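Per this note's numbering, the very first residue in the sequence shown carries number 1; after that it's consecutive.
By construction, the Cβ of each residue, glycine as well, lies at the ideal position given by its N, Cα and C atoms.
These numbers were taken from a predicted model, which means no experiment stands behind them.
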Amino acid sequence: MVNLPPRAVAGAKHHGSYEWLLQRFTAAIMAIYTLGMISLLMIRQPDGYSEWVAITDNNTWRFGTLLTLLSLFVHAWQGVLDILNDYIKPLALRKALKLATLLALVWYAVWSVLILWKL
C-alpha cells in the first residue's frame, strides 16, 4: 500500500480551512457595512441630492465602501473558484474561465476606485 501525504490525497493546498475562513471574514465585513449603512440611513434619512452628497462625500464612507466592495470581490472570487473546480472538468476551459473571472473582478475593483474617488 502506498502512503500518500495528506496534501496529495486532498488535492488542495489549504484543505479548505483557509478558503472557509476567508469566506466568513469577507461575509462579516459585508454584513457589518450593511448594518452600518441601514443604521446611518435610518438616522439621517436623506431626501435630496445634497443630503446624499453630504453622506457619501467623506473619506470614511469611501474607505468603508471600498473595503466592502473588495470583500465582495474576494468573496465572489472564492465562490467562483469552488464552482469551477467542482463542476468544470476540462482543464483549459477551467483556466480560461478563472482568468476571465479574475480579469473582470480586477476591473470591477479599479472601476470602484474610480467611481468612489471621482477620478
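Remark: C-beta atoms of F73 and Y108 approach each other more closely than 9 Å. Note that the C-beta distance between S71 and I29 is below 9 Å. Distances from the CA of L40 to each of H75, I55, T26 were compared; the closest alpha carbon is that of I55. With contact defined as three or more Cβ pairs closer than 8 Å, the region 17 to 28 and the region 77 to 91 are in contact.
Approximately 22 Å separates the beta-carbon atoms of W117 and R44; this is outside 8 Å, ruling out the contact.
When G16, Y18, T26, L93 are compared, the shortest CA-CA separation from L66 is found for T26. Assigned with DSSP and collapsed to three states, I29 falls in helix. Between the alpha carbons of D82 and A92 lies a distance of about 16 Å.
Residue range 59 to 87 is occupied by the alpha helix (DSSP H) that includes Q78. DSSP places W107 in the uninterrupted alpha helix (DSSP H) bounded by 91 to 116.
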